[in-house]
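Trainee:
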Amino acid sequence: MQTETGSFPLPEGSRPSHVGLGQLVAGVKYYLTMDLESTACRKTRVSGDHLDLTTCPLATGVEQEKLRCDFEILEVPWKNSTELLKHKCMQQ
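Counting from 1, one number per residue, gives the positions in the sequence shown under full-length UniProt numbering.
1. From 87, 67 and 37, pick the residue whose C-alpha is nearest to that of residue 54; which is it?
2. The beta strand (DSSP E) with residue 89 in it runs from where to where?
3. Pop quiz: residue 67 and residue 40 are said to be a contact at Cβ under 8 Å. What is the actual Cβ separation, rounded to whole angstroms?
4. From this set, 42, 81, 65 and 32, which residue's C-alpha is nearest residue 88's C-alpha?
5. Just verifying my parser: in three-state terms, what is the DSSP assignment at residue 65?
Structure, rendered in structure tokens:
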């Protein structure tokens, strides 16, 4: 099970904060930088395919994981197409 932001899955239990830019090419190219942190919520708290991250506290201690991820996404609305071109994540 993965949580989704837009059409792109994030690791379950991650709470994203993000900054984005757009660029018009043969569609719209988005550059996103997201800080992801693990939460203390267990997978059993999932209701169907939805996990409400607003009620999940962030994990602490050895369970805490922080990632900074950069994504490059191309959206071509007139073709109903969205593609993840690049992604890179680093531990923080």
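Positions of the beta carbon are idealized from the N, C-alpha and C atoms, including for glycine. Please read all numbers here as calculations on a predicted model, not as lab measurements.
Mentor: Looking at the atomic coordinates:
1. When the alpha-carbon of residue 54 is set against those of 87, 67 and 37, the nearest one is in 37.
2. Looking at the DSSP string, the run of the beta strand (DSSP E) that includes residue 89 is 81-91.
3. Not really, about 17 Å apart at Cβ, beyond 8 Å.
4. Shortest Cα-Cα distance from residue 88 to any of 42, 81, 65 and 32 involves 32.
5. DSSP places residue 65 in coil when its eight states are reduced to three.
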